Amino acid sequence: MIKVCSYNVNSIKSRLLLLTDWLHKRNSDIDVLCLQELKVTDDNFPYEEFQQLGYSCEVYGQKTYNGVAICSKLPLSNAWKGFGTIAEHINEQRRIISVSVADKFTLLNVYAPHGDERGNPKYDYKLTWYEHFISYLKDYLEANDKLVILGDFNITRDDLDVYDERALRDTIGTMPEERALIERVLQLGLIDTYRALYPQRRQFTWWSYMGGAVWKDQGMRIDYILVSKSLVSSITEVEVDMWSRKKKTPKPSDHAPIIASLIID
DNA sequence: ATGTCGACGAATCGTCGA
């Protein structure tokens, strides 16, 4: 069994102690750890600490903002960072990295733009970024059969993914045009594993730092583990682990990690 | 607008991004 995890850490430097505590608390059962919002350049990534935990890492970092990494106990190959040659202004923000894991499946780790709010140029950037992402995924699905795509998508799929659909109507992450983008991603032939296994369960992956939102469970589900159809039957469990999010010291990320268990061959 | 984090540059706080 292989456990893959997506975790927006909101600064790897600030989260390193909590992250290592969490991995130990879980008896080091995470095989492939996909991180978002590193906020460090590649040379400042804590490679040694991860090596001591048994992980080798592919890192696509950036100063202050963004940055993604894949840390794995299984051998990684064919690391690819960014979208490729097209879309230079889209590639300026480091949000996407992919690898082959143990020659068993292909893994793509993403950190989608937040977008701030409608009318902000960052919102237009989010929509444009998703257009590039979707066209990139089309080629990716043609080239790769067994595919796991996971990360922080910064969009709720529907009203089950928000704590109060009325209060949050037309706020960032819930806009109809944003949700249409998520549906287009899924329609490429990808399955939202958490929703597929637990269709009625309201489980969030992000809670604002403000107002003690996590204690009231006022959050949103914006982090996903998607798989191609050929991998659906390999998924045995999907879990959002609240342990680190509810720790008071060291300070948590505003996201909780989501973990999928796969049985491949 | 508010609330709370983290990074940064230039201070011991203000600004930006989430």
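Residues in the first sequence are numbered from 43 upward in steps of one, following this note's numbering. Glycine included, C-beta positions come from ideal geometry on N, C-alpha and C. Since this is a predicted model, take the numbers as computed values, not measurements.
As assigned by DSSP and simplified to three states, the class of residue i
i    : result
L61  : helix
A222 : helix
L95  : coil
A144 : coil
N50  : strand
K67  : helix
L210 : coil
R285 : According to the sequence displayed, residue 285 carries Trp and not Arg. W285: coil per DSSP, three-state reduction.
D194 : strand
L77  : strand
G103 : coil
V204 : strand
M252 : helix
K45  : strand
L228 : helix
When the options are compared against residue i, the one with the closest alpha-carbon
i    : options                   : result
T83  : S53, A298 and Q242        : S53
R57  : L80, Y97, V46 and D265    : L80
D145 : L189, K55 and W257        : L189
T235 : W64, F147, K271 and N151  : K271
L59  : L239, G193, P294 and D307 : P294
E220 : C76, P292, K67 and H156   : H156
Y165 : L183, I197 and L192       : I197
S98  : K105, Y107, D206 and P88  : P88
Q94  : A121, R226, S70 and F246  : S70
M252 : A121, D201, G261 and Q245 : G261
Q309 : K168, F147 and G161       : Lying outside 43 to 307, the shown extent of the chain, residue 309 is not represented and no answer is given.
Neighbourhood of residue i by C-beta, 8 Å cutoff - its chain only, sequence neighbours within 5 removed
i    : result
V74  : I44, K45, V46, C47, I112, C113, S114, K115, L116, V143 and L149
K55  : K81, V82, N86 and P88
T106 : K81
Residues near residue i by beta carbon distance below 6 Å, same chain, minus five either side
i    : result
R199 : I224
L311 : Any property of residue 311 remains undetermined from this structure, which presents the chain solely from 43 to 307.
S119 : S142
S286 : L60, W64 and P294
Delimiting residues of the beta strand (DSSP E) encompassing residue i
i    : result
F147 : F147 to Y153
S303 : I300 to L304
A185 : Where A185 is concerned, there is no enclosing beta strand (DSSP E), although the alpha helix (DSSP H) it sits in stretches over P163 to A185.
A111 : V110 to S114
T278 : I277 to V282
S270 : D265 to S270
Start and end residues, alpha helix (DSSP H) containing residue i
i    : result
A23  : Nothing can be reported for residue 23: it is not among the residues displayed for the chain, which extend from 43 to 307.
E130 : E130 to N133
L239 : T235 to L239
Close-in-space but distant-in-sequence residues of the same chain around residue i (CB under 7 Å, 5 per side omitted)
i    : result
I305 : M43, S276 and T278
D187 : S270 and S272
F92  : C99 and C113
P292 : L59 and L60
8 Å contact criterion, which residue i and residue j should meet: CB distance rounded
i    : j    : result
Y153 : V110 : 5 Å
I214 : E159 : 6 Å
V51  : L61  : 7 Å
W248 : D206 : Going by Cβ atoms, the distance from W248 to D206 rounds to 14 Å, so no, they are not a contact pair.
I301 : I72  : 7 Å
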